Amino acid sequence: MRDWKALAAALGAAITEPERVFPVLESLEAGFRPLTKDIPHDVEPPLVFRPYRKPEADQ
Amino acid sequence: MTILQAAAALRAGKTTSRQLTEEAFARIRALNPRLNAFLALMEEEAVVQAARADDELSIGIDRGPLHGIPVAVKDVFETHGIRTTCGSKLFASHVPERDAAVVEKLHAAGAVLTGKTGMHELAFGITSNNPHFGPVRNPWNPEHIPGGSSGGSGAAVASRMVFMAMGSDTGGSIRVPAAYCGCVGLKPTFGRVSRYGVMPLDFTLDHMGPLTRSVRDAAVVLEAIAGPDPRDETCAAEPLGPCVPEENPSLERIRVGWPENYYFDRVAPEMEQAARQAADACARAGGEIVPVRVPDLDAYNLVARVIVQSEAAALMERYLDRPELFGADVLALFEQGRLLSATDYINAQRLRRVMQREFHGIWEHCDCLLTPCTPTGAPRIGAATIAVGPEEEDVRLASTRLVRAVNLLGLPALSMPCGFTSQRLPLGIQIIGQAFEEALVLRVGQAIEHRLQLKLKPPVA
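Residue numbers (the numbering used here), protein chains in the order written: chain A, 1 to 59; chain B, 1001 to 1461.
Laid out in structure tokens, this is it:
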């Protein structure tokens, strides 16, 4: 898990109410990080996002 | 009265745009002190527009069903020469020199713009409890939130101040206020409606759409505002065919997906019961109710949160050295997003691609999904948590967990009333369709509306 407090300090990012920020990030990371381990290697981010439609040839 | 009814009355000579507009402002003056739905009124301009609408109709110039109809837009849509705050102190003196594309299209359709509706600060929240402009209140019970972030639009439409108000939706911000206020909210497919001139919360999740009193009115507005726009590179060229459903449409040969998992796992029993009534209405209209299993949408919601917080923080970072200009809840979200890494953001977008493909498999089994929009009715103003059955949940996370994934996928979704809580607060269902299939979503919604025949006049109206 990341040390969010240390990260904020290193970035010089002022955190106004730490109790509203760090616990949420810890929870978000706990759910999000495992998901990233299963991304197929060849998947690219949508640079210009378009809703997915089945290609015409398959319809 | 709905837009279509008012349009018919205008053409039958039973009313005028001037009269409709005067009535709208009379209602706004009477109700806005209790509901705080409007941030700014544009009465002078509206009176001129109404007179022009009447004059045009009198000489046979007819711009369609919105011609002469009083409407409003959320204060996130830029309006030429009219202050546009985005519900924030940061933009308290922002007077745009352009109209948003949607505002241009509403003007072209002859609509009468009455003013700008209130909202959650910077469109980044679900309560519309705005620290700078005061809380927007729910016309069904002013001690409860209207939902957000388009809360003023929901309150203005439900209380019948205006026939339609535009909203924006990044994680449920059209659909949730529609559900909590007892009106209809349409989030079109991403790319269907131009984002040009809309103050962004996010680059890849923001959607623009109407809140209305009926499903058919939502369709009327969509036909007016949809279409390509070279000023928004994400705006699609996909043509929108006629999408206003018949009064009593058949759902023969339409498979309505009823989720077996996730959507009903944590909702109030009265919400589930109301959604079942909507499903029964679909079946009575000839639709086939098909049980379907959906992916793990908690994961989708997490990915959407990483994207929205990263993009929103990037937009607002320049202002974060002035924390006194933000409300505490919104500031915390920006401060969280600022600490997420570029790697997190890119991987969230890659996961989005994977999830789009995964979710697309559902359409082999059904043509649309029928789900609850929120787990409960509207929470009380100021409540941090809400009871969902035996559990207490964070208001923001509870209000958005059934709607947020649809923004990640960019799919069209309609929120519409389906019943009431024991406290007489509205409950809403959500109909989700395939990309660019708004016509089908609206048809299913109209079939439900026609059969449920709910009485939707709130106490403050």
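Even glycine gets a Cβ: it sits at the ideal position worked out from N, Cα and C. Being a predicted model, the structure only gives us computed values, none of them experimental.
### beta-carbon E1247/B near the ligand PLP non-hydrogen atom, thresh 6 angstroms
Absent from the structure shown: the ligand PLP. Ligands present: none.
### Message
Less than 7 angstroms between the beta carbons of P1139/B and A1383/B, yes or no?
### Response
One thing to note: P1139/B has its Cβ no nearer than 7 angstroms to the Cβ of A1383/B.
### Message
Please state whether the Cβ-Cβ distance between S1159/B and L1031/B is less than 7 angstroms.
### Response
The answer is yes: Cβ separation under 7 angstroms.
### Message
Just to make sure I have the definition right: I need the residues of chain B whose C-beta is within less than 9 angstroms of the C-beta of E26/A. Which are they?
### Response
Near E26/A there are no residues of chain B at all, since even the closest Cβ is about 10 angstroms away, more than 9 angstroms.
### Task
In angstroms with no decimal places, state the Cα-to-Cα distance between G1013/B and F1077/B.
Cα to Cα, G1013/B sits roughly 33 angstroms from F1077/B.
### Query
Checking contacts by CB at 7 angstroms: is P1230/B closer than that to chain A?
By this cut-off, P1230/B is not an interface position.
### Query
For A1268/B, does the three-state DSSP call read helix, strand or coil?
In this structure, A1268/B counts as coil in the three-state DSSP scheme.
### First and last residue of the uninterrupted alpha helix (DSSP H) at E1223/B
V1215 to I1225 is the extent of the alpha helix (DSSP H) around E1223/B.
### Run of the beta strand (DSSP E) containing C1368/B, from where it starts to where it stops
C1368/B -> beta strand (DSSP E) spans C1368 to P1372.
### Query
How about A13/A: is its C-beta nearer than 7 angstroms to some C-beta of chain B?
Contact of A13/A with chain B is assigned, a C-beta pair being separated by under 7 angstroms.
### Message
So that I know if they touch, is there some Cβ in chain A lying closer than 7 angstroms to that of A1281/B?
### Response
For A1281/B, the answer is no, since every Cβ of chain A falls outside 7 angstroms of its Cβ.
### Task
Give a yes or no on whether the C-beta atoms belonging to K1089/B and L1039/B are separated by under 7 angstroms.
Going by C-beta atoms, K1089/B is not nearer than 7 angstroms to L1039/B.
### Task
Provide the residue(s) that pair with W1258/B in DSSP beta bridges, ordered along the chain.
Paired residue(s): P1291/B.
### Query
Using a Cβ-Cβ cut-off of 7 angstroms (strictly less than) and excluding sequence neighbours within five positions of E1022/B, which residues of its own chain qualify?
Same-chain partners within the cutoff: there are none.
### Message
Checking 7 angstroms against the spacing of the C-beta atoms, do A1342/B and V1162/B come in under that value?
### Response
Pairing A1342/B with V1162/B gives a Cβ-Cβ distance that is not under 7 angstroms.
### Message
Let's test the definition: count the other Cβ atoms within 10 Å of the Cβ of P1070/B and tell me whether it reaches 16, buried, or not, exposed.
### Response
The C-beta of P1070/B has 16 or more other C-beta atoms within 10 Å across all chains shown, which makes the residue buried.
### Message
Taking 8 angstroms as the cut-off, does the stretch 1187-1197 of chain B touch the stretch 1420-1427 of chain B (at least 3 CB pairs, one atom from each stretch)?
### Response
Not touching, per the Cβ criterion.
### Query
Quick one: is L47/A buried, meaning 16 or more other Cβ sit within 10 Å of its Cβ, or exposed?
Exposed, by the Cβ-count rule.
### Query
Can the beta-carbon of Y1180/B be found closer than 7 angstroms to that of P1146/B?
The answer is yes: Cβ separation under 7 angstroms.
### Task
For chain A, find out if any of its Cβ atoms is closer than 7 angstroms to the Cβ of T1189/B; answer yes or no.
At least one beta carbon of chain A lies nearer than 7 angstroms to the beta carbon of T1189/B.
#### Entry: Check whether H1207/B and D1169/B have beta carbons under 7 angstroms apart
H1207/B is a Cβ neighbour of D1169/B, given a cutoff of 7 angstroms.
#### Entry: Close beta carbons around E1238/B, own chain, < 6 angstroms, minus the five adjacent residues each side
These residues qualify, in order along the chain: F1436.
### Query
So what does DSSP say about I1069/B, is it helix, strand or coil?
In the displayed model, I1069/B falls within coil according to three-state DSSP, outside both helix and strand.
### Residue from N1248/B, S1149/B and T1015/B whose Cα sits closest to the Cα of G1287/B
Closest by alpha carbon: N1248/B.
### Query
Listing by chain order, which chain B residues have their CB less than 8 angstroms from the CB of P45/A?
Here the neighbours are I1346, Q1349, R1350, R1352 and R1353.
### Delimiting residues of the alpha helix (DSSP H) encompassing D1054/B
For D1054/B, the enclosing alpha helix (DSSP H) begins and ends at E1043 to S1058.
### Message
Closer than 7 angstroms between beta carbons: that is the criterion. Which residues of the stretch 1314-1339 of chain B meet it against chain A?
### Response
Using a CB distance below 7 angstroms, the part of the stretch 1314-1339 of chain B facing chain A consists of P1323, A1328, L1331, A1332, E1335, Q1336, R1338 and L1339, ordered along the chain.
#### Entry: Partners in chain A for R1305/B, counting only beta-carbon separations shorter than 7 angstroms
The contacting residues are L28.
### Reduced DSSP secondary structure (H/G/I, E/B, other) of A1278/B
Secondary structure at A1278/B: helix, using DSSP grouped into helix, strand and coil.
### Query
By how many angstroms is the C-alpha of G1337/B removed from the C-alpha of D1329/B?
Distance between the alpha carbons of D1329/B and G1337/B is about 13 angstroms.
### Query
Under three-state DSSP, which class holds N1141/B?
Reduced to three states, the DSSP call for N1141/B is strand.
### Query
Which residues, in chain order, does the stretch 1442-1454 of chain B contribute to contact with chain A at a C-beta distance below 9 angstroms?
Those residues of the stretch 1442-1454 of chain B that come within reach of chain A (Cβ to Cβ, closer than 9 angstroms) do not exist; the list is empty.
### Query
Could one say the Cβ of Q1430/B lies closer than 7 angstroms to chain A's Cβ atoms, at least one of them?
False, the Cβ-Cβ gap to chain A never drops below 7 angstroms.
### Query
Any idea what DSSP makes of N1130/B, helix, strand or coil?
In the three-state reduction of the DSSP assignment, N1130/B falls in the strand class, which pools E and B.
### Query
Among I1082/B, E1097/B, L1066/B and N1261/B, which has the Cα closest to the Cα of L1106/B?
The residue with the shortest Cα to Cα distance from L1106/B is L1066/B.
#### Entry: CB contact check: A10/A to chain B, cutoff 7 angstroms
Chain B, which has no Cβ nearer than 7 angstroms to the Cβ of A10/A, makes this no.
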